[in-house]
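Numbering (my numbering), first residue to last: 353 to 449.
All residues carry an ideal CB built from backbone N, CA and C; glycine is no exception.
Okay, structure first, notes after.
Here's what the structure looks like:
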C-alpha cells in the first residue's frame with residue numbers, strides 16, 4: 353500500500369510540474385498572516401506536504417523576516433507548524449497573542 357501512496361504522490365508532483373508552479377511573492381515586511389494565507393493557497397495548488405512547505409517558505413523571506421527564520425532552532429525550521437508559529441509570533445506579535 354505504501355507503494356500506491358508513493359505513486360500517487362509522485363503523480364501529483366508531476367501534475368503540479370506540468371501545470372506550472374503557483375508561487376507567492378516574497379515577504380519582507382507587512383502582514384505576515386495575510387501573506388501566509390497566499391503561501392498556503394499556492395502550496396495547496398502545488399501539492400506540497402508540510403515537509404516541503406517548511407523547506408520552501410524560507411526561500412520567499414527577505415530582510416528581517418529571513419533573519420528571524422535563520423535565528424530559529426533547527427527543530428523549528430524543519431517542522432512547518434512550529435515554524436509558522438514562531439514566525440507569526442515575531443512578525444505579527446500583536447495578532448498572535
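With distance defined between alpha-carbon atoms, name the residue in 419, 413, 408 and 445 nearest to residue 431. Among 419, 413, 408 and 445, the Cα nearest to that of residue 431 is on 408.
Return the CA-CA distance between residue 448 and residue 437, expressed in angstroms with no decimal places. Because residue 448 sits at a pLDDT of 47, beneath the cut-off of 50, its placement in the model cannot be relied upon, and the point is left open.
Going by CA-CA distance only, name the one from 423, 429, 404 and 379 that's closest to residue 414. Cα-wise, what sits closest to residue 414 is 379.
DSSP three-state call for residue 448: helix, strand or coil? The pLDDT assigned to residue 448 is 47, lower than 50, so where the model puts this residue is not dependable, and the model offers no usable value.
For residue 418, the nearest candidate out of 427, 403 and 435 (CA to CA): Per the Cα distances, 435.
Quick check on the burial criterion: 16 or more other C-beta atoms within 10 angstroms. Buried or exposed for residue 433? Exposed is the call here.
Assign residue 422 to buried or exposed, taking buried as 16 or more other Cβ atoms, counted over all protein chains shown, within 10 Å of its Cβ. Its Cβ having fewer than 16 others within 10 Å, residue 422 is exposed.
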